[in-house]
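Under the numbering used here, the first residue of the sequence shown carries the number 843, and numbering increases by one thereafter.
We put the CB at the ideal spot given by N, CA and C, even for glycine.
Keep in mind that this is a model prediction, so the values were computed, not measured.
Presented below is the structure to which this report refers.
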Amino acid sequence: MAEQCDVVVIGGGLVGLATAAALVDAGRDVAVVEKEGRLGAHQSGRNSGVLHSGLYYRPGSLKARLCGEGRRRMLAFCEAEGLPARVTGKLVVAATPAEIPRLEDLHRRGEANGLAGIERLGPGGIRSREPHAAGVAALWVPETGVTDFAAVAARLGERLAAGGAAIATGARVDAVAVGDDGVTVRAGERVWEAGAVVNCAGLHADTVARMAGDEPPARIVPFRGEYHVLTGEAAGMVRGLLYPVPDPRFPFLGVHFTRGVDGRVEVGPNAVLALGREHYRGSPADLRGLAEALGYRGFRRLAARNLAGGVGEALRSRSTRLYARRARRLLPALRAAHLRPGGSGVRAQAVFPDGRLADDFVLSGSGRAVHVLSAPSPAATAALPIGEHLAALVAERI
Ligand SMILES: Cc1cc2nc3c(=O)[nH]c(=O)nc-3n(C[C@H](O)[C@H](O)[C@H](O)COP(=O)(O)OP(=O)(O)OC[C@H]3O[C@@H](n4cnc5c(N)ncnc54)[C@H](O)[C@@H]3O)c2cc1C
């Protein structure tokens, strides 16, 4: 027999869980349907753990508006729940004079986005913050922090269950029917009937949108981010968060150093094309997924424009020596022997048919369905206000 509720949320990552939490707060009956056996198993549990400040984003974009509020609320949630979180500040370092104009642009963006206390530093200032780092200029951004997003996802799930939401794990949605009077969501034998559905399926959001009869404006192309961990002695070379100036052609932040809440220092993530949507380091390639990417015009255009950069990333992914050489731009004493392989995460990068990469949240859907086609970084930081934004959209539809 079908289970009845007001709203079905597909996907138990941070965006789905935060949306469900906002709906429960608004008095709605909610079911969260997640294909894995636990919550936060994909992007939400496999990331850098950084509570972003809002430095990078185009002023006025949804990312810029939701990041600062999201960080403050995520910190408050962690504090209230006894979860680890710290405001550490971060250093963004220009390695060469050519990067200074972009550093200055970031400074302007940060101020336009309302960040407090950003400081411009020279080489001496860099050494006073991070004694082993090198560069010609830097920004000190005091509001950035770190947390454990996997723990946040697990706790949000517990709070939801305690608040009366139904959490179905191990339930892969395979059919969605959106009608004028309601929606039906199926996961194998289980069926839910509801007033609306919110698709927060991350790496599979476009597939689920098509299942529901939507023709999404972009497709997901998976980019794997691989981490290394600094070995014991080398970890002492990094105090906090150390970032390069990002390449403005890509929405990725560049390989950085992150001292996490557990004290470990991770280096990464890079950005290599994943051979499948869940192709993590060490897991088998999904050739159907690769064929799907190659068959997409948007991906072919993107690849044609970025062939050299893509090949360079793939080579660094296979060679610790080359990976260390790239990371050495910020930390000259770093050696390949200081790195041991760490985890990896796969980014759900939405790509438009003309090959452009989506660099803000992308929503689609009509009637009783909302599809979150792109919830890129800082969506973990900003999950709570994103969830409220989505819950308000759904409220208009039931
Ligand atoms: C390497 C990396 C580093 C990052 N670093 C940061 C950072 O430091 N700070 C930050 O703020 N953000 C960071 N991000 C971004 C952030 O992690 C994501 O934006 C955020 O977690 C997206 O959450 P989500 O809920 O949309 O997706 P996900 O966490 O991927 O959740 C989607 C869920 O949907 C489920 N699902 C998919 N298909 C189905 C189906 N058919 N039926 C049922 N369930 C389904 C999946 O199993 C999954 O659990 C990073 C991301 C990556 C990959």
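| request: Would you decide whether V1188 is buried or exposed? Buried here means 16 or more other CB atoms lie within 10 Å of its CB. | output: Mapped onto the sequence shown, residue 1188 falls at position 346. Buried.
| query | Which whole runs of the alpha helix (DSSP H) in the region 896 to 956 are 4 residues long or more, in chain order? | reply | 904 to 923, 942 to 954
| query | So what's L1115 in DSSP terms, helix, strand or just coil? | reply | Counting from one through the sequence shown, the residue named residue 1115 turns up at place 273. It is a strand residue.
| said: Rounded to the nearest angstrom, what separates W1034 and I852 at their Cα positions? | reply: Numbered from 1 along the sequence shown, position 192 holds the residue referred to as residue 1034. Numbered from 1 along the sequence shown, position 10 holds the residue referred to as residue 852. Going by the C-alpha atoms only, they are around 11 angstroms apart.
| Between P965 and E1120, what straight-line distance do the alpha-carbon atoms span, to the nearest angstrom? | Residue numbering aside, residue 965 sits at position 123 when the sequence shown is read from its first letter. Residue numbering aside, residue 1120 sits at position 278 when the sequence shown is read from its first letter. Spanning the alpha carbons of P965 and E1120 requires a straight line of approximately 41 angstroms.
| Contact between the region 983 to 999 and the region 1014 to 1030 (3+ Cβ pairs under 8 angstroms) | no
| message | Tell me whether I852, by its Cβ, gets closer than 7 angstroms to a heavy atom of ligand 1. | response | In the sequence shown, the residue the question calls residue 852 occupies position 10. Indeed, a heavy atom of ligand 1 lies less than 7 angstroms from the Cβ.
| said: Shorter than 7 angstroms, the distance from the beta carbon of R888 to the closest heavy atom of ligand 1, or not? | reply: The sequence position of residue 888 within the sequence shown is 46, counting from 1. Yes; taking the cut-off as 7 angstroms, the Cβ of R888 has a heavy atom of ligand 1 nearer than that.
| field | Heavy atom of ligand 1 within 7 angstroms of A1043 beta-carbon | value | Locating residue 1043 in the sequence shown gives position 201, counting from the first residue. Result yes, Cβ under 7 angstroms from ligand 1.
| Helix, strand or coil at V1103 [DSSP, three-state] | The count along the sequence shown starts at 1 and reaches residue 1103 at position 261. Three-state result, V1103: coil.
| said: For A1008 and I942, what's the separation of their Cα atoms in angstroms? | reply: Counting from one through the sequence shown, the residue named residue 1008 turns up at place 166. Counting from one through the sequence shown, the residue named residue 942 turns up at place 100. In this structure, the CA atom of A1008 is about 51 angstroms from the CA atom of I942.
| request: Note the first and the last residue of the continuous alpha helix (DSSP H) segment covering G1140. | output: The residue labelled residue 1140 in the question sits at position 298 within the sequence shown. Segment 1139 to 1147, the alpha helix (DSSP H) holding G1140.
| query | Cα separation between H894 and M843? | reply | Here the question's residue 894 lines up with position 52 in the sequence shown. Here the question's residue 843 lines up with position 1 in the sequence shown. If I take the Cα positions, the gap works out to 44 angstroms.
| Would you say the region 1013 to 1029 touches the region 874 to 883, given that touching needs at least three Cβ pairs under 8 angstroms? | Segments in contact, yes.
| request: Entirely within the region 1030 to 1098 and at least 3 residues each: give me those beta strand (DSSP E) ranges in chain order. | output: Every beta strand (DSSP E) stretch that sits fully inside the region 1030 to 1098 and reaches 3 residues is listed by chain position as 1032 to 1036, 1038 to 1041, 1061 to 1072, 1083 to 1086.
| task | Count the other CB atoms, across all protein chains shown, that sit within 10 Å of the CB of L1149; report buried if there are 16 or more and exposed otherwise. | result | Stepping through the sequence shown from its first residue, residue 1149 is reached at position 307. With fewer than 16 Cβ atoms within 10 Å of its Cβ, L1149 is classed as exposed.
| Can you tell which of A1043, A1127, V1103, G1037 has its C-alpha closest to the C-alpha of D1236? | Here residue 1236 refers to the residue found at position 394 of the sequence shown. The question names Asp, but residue 1236 in the sequence shown is Val. For the residues A1043, A1127, V1103, G1037, the minimum Cα distance to V1236 belongs to G1037.
| Candidates R1239, A937, A906, V929: closest to R1210 by CA position | For the purposes of this step, residue 1210 is identified with residue 368 of the sequence shown, where counting begins at 1. Ranking R1239, A937, A906, V929 by Cα distance to R1210 puts R1239 first.
| Considering only C-alpha positions, which residue in the set E961, G1005, A1116, L1176 is nearest to P1243? | Nothing can be reported for residue 1243: it is not among the residues displayed for the chain, which extend from 843 to 1240.
| task | May I ask you to report which of helix, strand or coil DSSP gives L1164? | result | Looking up residue 1164 in the sequence shown gives position 322. Looking at L1164 - three-state DSSP - the assignment turns out to be helix.
| Taking C-beta to C-beta, are R1182 and V1071 nearer than 8 angstroms? | Translated into positions along the sequence shown, residue 1182 becomes position 340. Translated into positions along the sequence shown, residue 1071 becomes position 229. Remark: C-beta atoms of R1182 and V1071 approach each other more closely than 8 angstroms.
| In terms of alpha-carbon separation, which member of L897, V1103, S1208, H1180 lies closest to P926? | In the sequence shown, the residue the question calls residue 926 occupies position 84. If we check each option's Cα against that of P926, V1103 comes out closest.
| DSSP beta-bridge partners of I1009 | Residue numbering aside, residue 1009 sits at position 167 when the sequence shown is read from its first letter. According to DSSP, I1009 shares a beta bridge with V874.
| said: Give me the residue from S890, V1018, V1040 with the minimum Cα distance to P1220. | reply: Along the sequence shown, read from residue 1 onward, the residue named residue 1220 stands at position 378. Of all alpha-carbon atoms in S890, V1018, V1040, the one lying nearest the alpha-carbon of P1220 is that of S890.
| If we ignore side chains and look at the alpha-carbon of each, how far apart do L897 and G1055 end up? | Reading the sequence shown from its first residue, position 55 is the one you call residue 897. Reading the sequence shown from its first residue, position 213 is the one you call residue 1055. Each residue's alpha carbon lies about 37 angstroms from the other.
| message | Below 7 angstroms, is the gap between the Cβ of S1261 and the nearest heavy atom of ligand 1? | response | Any answer about residue 1261 is impossible in this case: the structure gives the chain only from 843 up to 1240.
| field | V1018 in three-state terms, based on DSSP | value | Counted from its first residue, the sequence shown places residue 1018 at position 176. Strand at V1018.
| query | How would you call A1060, buried or exposed, if buried means at least 16 neighbouring beta carbons within 10 angstroms? | reply | Here residue 1060 is taken as the residue at index 218 of the sequence shown, counted from 1. Answer is buried; the Cβ neighbour count reaches 16.
| Limits of the unbroken alpha helix (DSSP H) element including I968 | Counting from one through the sequence shown, the residue named residue 968 turns up at place 126. Annotation: the continuous alpha helix (DSSP H) that includes I968 extends over 965 to 971.
| request: For P1218, verify whether its CB is less than 7 angstroms away from any heavy atom of ligand 1. | output: On the sequence shown, residue 1218 is found 376 positions in, with the first residue counted as 1. Yes, since a heavy atom of ligand 1 falls inside the 7 angstroms radius drawn around the Cβ of P1218.
| said: Short of 8 angstroms in beta carbon distance, which residues of its chain neighbour D1089, apart from the five on each side in sequence? Order them along the chain. | reply: Position 247 of the sequence shown, counted from the start, is the residue given in the question as residue 1089. The residues are G1096.
| request: Look at the Cβ atom of L865, then the Cβ atom of V872, and state whether they are nearer than 8 angstroms. | output: Within the sequence shown, residue 865 is the residue found at index 23, counting from 1. Within the sequence shown, residue 872 is the residue found at index 30, counting from 1. Going by C-beta atoms, L865 is nearer than 8 angstroms to V872.
| message | Does the structure place the region 948 to 965 close enough to the region 902 to 918 that three or more beta carbon pairs sit under 8 angstroms? | response | The region 902 to 918 is in contact with the region 948 to 965.
| message | Along the chain, where does the alpha helix (DSSP H) containing G999 start, and where does it finish? | response | Numbered from 1 along the sequence shown, position 157 holds the residue referred to as residue 999. 991 to 1004 is the span of the alpha helix (DSSP H), which, as asked, contains G999.
| For S1206, the three-state DSSP class (helix, strand or coil) | Residue numbering aside, residue 1206 sits at position 364 when the sequence shown is read from its first letter. Looking at S1206 - three-state DSSP - the assignment turns out to be strand.
| said: Could you compute how far the alpha carbon of N882 sits from the alpha carbon of A1043? | reply: As a working mapping, residue 882 is identified with position 40 in the sequence shown. As a working mapping, residue 1043 is identified with position 201 in the sequence shown. The sequence given here has Gly at residue 882, not Asn. Near 11 angstroms, if we compare the C-alpha coordinates of A1043 and G882.
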